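In my numbering, the protein residues as written are 145 to 607.
C-beta atoms are modelled at their ideal positions from N, C-alpha and C, and glycine is treated no differently.
Just so it is clear, the structure is predicted and the values come from calculations on it, not from any experiment.
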């Protein structure tokens with residue numbers, strides 16, 4: 145950007161003869177060129193000074209505007225960065241609609257590859273459970289990893305199906321950051337963005353850590369198998385495979401299948417982390433927006449009477465904007481929440497069963513791995529329930545803030561507007577699992593109790 149430096153001695157200029165004034169100034173551009181301009185009368189000098197001052201003021205405004213744009217983009221990027229890291233490598237991050245044809249083709253190829261890798265793992269595992277394995281306990285041990293992969297595949301389809309709505313939500317967040325002019329509002333939004341980022345990071349650490357440890361433990365454990373008249377030693381796969389299609393007991397087929405299965409589990413983990421991270425970031429952003437609304441309601445009493453109606457209109461617009469964001473978020477997450485609720489309830493039951501059986505076999509490494517995966521599953525479903533509880537509470541608090549303010553000091557028309565805000569806040573937005581179950585802390589307790597009940601039933605059947 146070009147900057148103009150103006151250096152004129154006004155007293156010296158005015159003290160010179162009117163027809164002999166020569167005013168010199170320097171204009172330094174990108175190349176550092178210096179231009180000298182001469183004037184023969186004071187009128188020209190005044191016009192030049194006014195023009196250059198106006199140019200300098202407009203340049204300063206452009207610099208300030210560019211800095212403001214850089215700040216809100218940086219803050220928005222800060223809140224979404226981890227989600228982008230996990231979703232973009234699997235093609236689930238919404239891209240711009242103006243992408244070239246080449247980028248769109250590559251994106252479709254990436255998505256097809258991810259679908260293939262996920263199906264490559266769970267489809268042979270289902271065939272193994274149905275047609276190959278006869279032992280009921282070994283079938284149960286294969287069901288858990290297979291169900292996790294199927295859950296990931298369904299969630300991946302949900303993310304791709306709602307890609308456009310996710311993009312609109314991201315653009316909505318960017319607009320909210322751009323509209324946050326007050327420093328205090330930005331601090332509130334940043335505080336909530338930081339919490340959402342931490343939740344996404346912890347979810348990533350626990351999920352990836354547990355599944356990677358499980359893959360390593362399975363790959364390093366050796367078993368003896370009989371092929372024909374020979375007994376050979378081979379490793380285990382994270383998900384058992386149907387050997388009548390491809391015999392994975394032999395090298396190098398085993399190593400290739402192990403690598404592909406590990407890659408597919410990483411993809412499924414990225415899907416789960418991305419979905420959980422998006423839910424956390426969206427919910428915390430909406431919570432920050434509702435906190436800003438509550439702050440402005442509290443400040444309404446201190447405003448001048450001339451601007452009260454304008455301030456109230458801004459509050460209502462901000463409130464409705466946050467509620468629209470939450471409605472879109474609920475539409476995006478309802479199917480994912482349903483899959484996670486049902487799948488995690490089932491997997492918690494299976495993991496508890498695996499831990500008990502491995503405890504009897506005294507396999508310490510496997511027990512630790514199962515406990516890590518069990519913790520990650522519990523944390524995952526807890527985050528979705530916590531988010532649902534948070535959204536419901538925040539919607540209610542807006543009405544409470546309007547009621548608890550000193551409304552009796554406000555004009556009659558303004559009080560009527562606050563009553564409408566209170567009435568709107570009574571109809572809260574609930575994050576649901578398939579429009580069936582409300583995601584809340586009591587729901588998390590029901591999930592744990594249901595998992596334990598099924599675990600006891602499973603133990604009774606297998607003992």
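- For residue 316, same chain residues with a beta-carbon under 7 Å away, outside a window of 5 residues either side, are 469 in chain order.
- For residue 274, no beta strand (DSSP E) run applies, since DSSP gives it neither H nor E.
- DSSP places residue 561 inside the alpha helix (DSSP H), whose first and last residues are 556-570.
- Note that the stretch 514-525 touches the stretch 353-364; at least 3 beta-carbon pairs, one per stretch, sit closer than 8 Å.
- One alpha carbon belongs to residue 561, the other to residue 456, and they sit about 7 Å apart.
- In this chain, the alpha helix (DSSP H) harbouring residue 319 covers 307-323.
- Residue 520: member of the alpha helix (DSSP H) spanning 508-548, first to last residue.
- Of the residues assessed, residue 341 falls on the buried side of the cut-off, its CB having 16 or more other CB atoms within 10 angstroms.
- Distance from the Cα of residue 549 is smallest, within the candidate group 443, 324, 335 and 246, for 443.
- For residue 232, there is no enclosing beta strand (DSSP E), as DSSP marks it with neither H nor E.
- Excluding its 5 nearest sequence neighbours in each direction, residue 365 has C-beta neighbours in its own chain below 6 Å: 380, listed in chain order.
- Counting along the chain, no alpha helix (DSSP H) covers residue 376; the unbroken beta strand (DSSP E) around it starts and ends at 374-379.
- In the displayed model, residue 408 falls within a helix according to three-state DSSP.
- Rounded to the nearest whole angstrom, the CA to CA distance from residue 262 to residue 415 is 11 Å.
- Using a Cβ distance threshold of 8 Å, residue 577 and residue 481 count as a contacting pair.
- Exclusion of the five residues before and after residue 408 leaves 261, 262 and 265 as the residues of its chain whose Cβ lies within less than 6 Å of its Cβ.
- Of the candidates 386, 277 and 441, 441 places its Cα closest to the Cα of residue 462.
- In the structure shown, residue 576 falls within a strand segment according to DSSP collapsed to helix, strand and coil.
- In the displayed model, residue 386 falls within coil according to three-state DSSP, outside both helix and strand.
- Within the DSSP bridge table, the entry for residue 366 names 379 as partners.
- Cα atoms of residue 571 and residue 580: separation of roughly 18 Å, rounded to the nearest angstrom.
- By the Cβ neighbour-count rule, residue 603 is exposed, with fewer than 16 other Cβ atoms within 10 Å of its own.
- Residue environment for residue 302: buried (at least 16 other C-beta atoms within 10 angstroms of its C-beta).
- Bridge pairing for residue 462: absent [DSSP].
- With respect to residue 534, residue 431 sits close: the two C-beta atoms are nearer than 8 Å.
- Residue 219 sits close to residue 334, with the two beta carbons spaced by under 8 Å.
- Classified as exposed, residue 552 has fewer than 16 neighbouring CB atoms from the shown chains inside 10 Å of its CB.
- With a contact defined as Cβ atoms closer than 8 Å, residue 496 and residue 595 qualify at about 7 Å.
- When the Cα atoms are used, residue 411 and residue 326 turn out to be separated by approximately 40 Å.
- The residue from 313, 582 and 233 with its alpha-carbon nearest to that of residue 479 is 582.
- With a threshold of 16 other beta carbon atoms within 10 Å, residue 569 meets it and is buried.
- The straight-line gap separating the alpha-carbon atoms of residue 539 and residue 473 is approximately 14 Å.
- The Cβ atoms of residue 574 and residue 532 sit closer than 8 Å to each other.
- Taking C-alpha positions only, residue 419 is separated from residue 350 by approximately 15 Å.
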